[in-house]
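Residues 0 to 290, numbered by numbering that gives the first Met the number 0, are exactly what the sequence shown covers, in order.
All C-beta atoms in this analysis are idealised placements derived from N, C-alpha and C, irrespective of residue type, glycine included.
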Amino acid sequence: MRADRLGGSRVSLFISREVQRRIEELEIPFGPFGVDPYGVSKKHLAVGFSMVEPLYRHYFSVKVLGADNVPSRGRAMLVGNHSGGIAIDGMMVIASMFFAKNPPRLAQGMVEKFMNRLPFASMLTGKLGQFTGLPEHCIRLLEDERLLMVFPEGARGTAKLYRERYDLVRFGTGFMRLAMRTRSPIVPFAFLGGGAAVPTIYNAVALGRMLGAPYVPVTPYGVPVPLPVKLEVEYGAPMTFEGTGAEADTVIEGYVDQVRTSIREMIERGRARRESFAEQTLRQFRAGGAP
C-alpha cells in the first residue's frame with residue numbers, strides 16, 4: 000500500500016506490512032478516495048488494526064479456534080457472549096477475523112447507542128466500520144453481504160462481575176429475526192478471558208451516568224485497565240434457520256436457545272482448557288519450588 004494511498008508518509012510509518020497486505024485483501028468496495036459506501040475508511044482501518052495488532056498478538060496473546068467456520072465471503076452473523084467490563088471482546092473478535100482469517104474479513108459490530116453521545120466517537124467508529132445497533136443498519140449490511148458481529152446479551156452482558164465471568168445472561172431475540180429475514184447463517188462464538196482481564200467487582204452506575212455510559216466497572220485495583228490475560232475466541236459451526244423472521248415468539252425463542260446452547264458448550268470447553276492449564280502450571284511451579 001503506497002504512502003499516498005494512506006494519506007501521507009507520516010501515517011504509513013505506523014502501519015505494519017501485514018496490515019497493509021490484509022487491508023488490500025478485504026472484500027470491501029473502497030472508492031477512489033479509500034472510503035466505502037458506508038463511510039468506512041481504508042486509512043482509519045489500517046491505523047486502527049496497526050494499533051490493535053500488538054495487543055492482539057502479544058499483550059493478550061489471543062488464541063483463535065474454528066476460524067474456518069466463518070464463511071470466507073458473503074453475509075453471515077457472528078453471535079457470541081460478552082466477556083469483560085469494557086469492549087475488549089468486540090475489539091479482539093474483530094481483530095481475529097482480520098488477522099486469523101484467510102482471506103481476512105471485516106467484522107462490523109453494532110455499538111451501544113450511548114457512544115453517539117461521546118465526542119467524535121460516532122464518527123470514529125463509523126470510519127472503522129462499527130455502527131449504532133439499529134435494525135435498519137443490520138439489514139442493510141447483511142444484504143450487502145457483510146459480516147455482522149452481534150452480542151445478544153447487550154449491556155447486561157458487559158456488566159457481569161468477575162464471579163459471573165463464565166455465565167450467560169438472557170439473550171435478546173432481535174438477532175434471530177434479522178438472520179431469518181435476511182437468510183443469513185449464524186456463526187456462534189465463545190469469548191473467554193475478558194472477565195479475568197477486567198475483573199469487575201462492582202459497577203458504578205451513578206458514575207457511568209455522569210460520563211454518559213451505562214456504568215463504569217470497578218476492579219480490585221480501581222480503574223478498569225485490562226490485565227495481560229491470555230484471551231480465547233472459538234467459532235462454532237454455522238447455524239441456519241428457515242423462516243421469515245415474523246414467526247411467533249415461542250418459535251424464535253426456541254431457535255435462540257439453540258444458539259445459546261452452542262455458545263454455552265463452547266464456553267464450558269474453554270473453561271475446562273483454561274482451568275486444566277492453570278492447574279498444570281501450578282503443579283509445575285510447585286514441583287520446581289520443592290526442595
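Under 8 Å between C-beta atoms of Gly30 and Phe188: no
Ala236, DSSP secondary structure in three states: coil
Nearest candidate by alpha-carbon position, reference His136, set Lys159, Thr157, Leu160 and Met109: Met109
Span separating the alpha-carbon of Glu267 from that of Glu152: Separation of Glu267 and Glu152 (C-alpha to C-alpha, rounded to the nearest whole angstrom) is 18 Å.
Same chain, Cβ closer than 7 Å to Tyr165, neighbours up to 5 away in sequence not counted: Ile266 and Arg270
CB of Ala45 within 8 Å of CB of Ser183, strictly: no
Residues near Pro223 by beta carbon distance below 8 Å, same chain, minus five either side: Gly84, Ile85, Val197, Thr199, Val215, Pro216 and Val217
Start and end residues, beta strand (DSSP E) containing Ile292: With the chain covering 0 to 290 only, the question about residue 292 has no answer from this structure.
Arg208 burial status per 10 Å Cβ neighbour count (16 or more: buried): When all chains shown are included, Arg208 counts as exposed.
Asp256, buried or exposed, once every other Cβ within 10 Å from all chains shown has been counted against 16: Asp256 is exposed by the Cβ-count criterion.
Beta-carbon spacing of Ala106, Leu146 below 8 Å: yes
Cβ neighbour criterion (16 or more within 10 Å) applied to His57: Under this definition His57 is an exposed residue.
Asn202 - partner residues in DSSP beta bridges: BP columns for Asn202 point to Pro216.
Three-pair Cβ contact test at 8 Å for the stretch 65 to 73 versus the stretch 27 to 42: no
Exposed unless 16 or more other CB atoms sit within 10 angstroms - verdict on Gly128: By the neighbour-count rule (16 or more Cβ atoms within 10 Å), Gly128 is buried.
Alpha-carbon spacing of Ser275 relative to Val63, whole angstroms: Whole-angstrom Cα-Cα distance: 18 Å.
Pairwise C-alpha distance: Glu26 and Gln19: Between Gln19 and Glu26, the C-alpha separation is close to 14 Å.
Ile87 versus Phe32, Gly192, Arg139 and Ala247, residue with shortest Cα-Cα distance: Gly192
Close-in-space but distant-in-sequence residues of the same chain around Ser60 (CB under 6 Å, 5 per side omitted): In chain order, Lys229 place their CB closer than 6 Å to the CB of Ser60, counting only its own chain and leaving out the 5 sequence neighbours on each side.
Reduced DSSP secondary structure (H/G/I, E/B, other) of Gln129: coil
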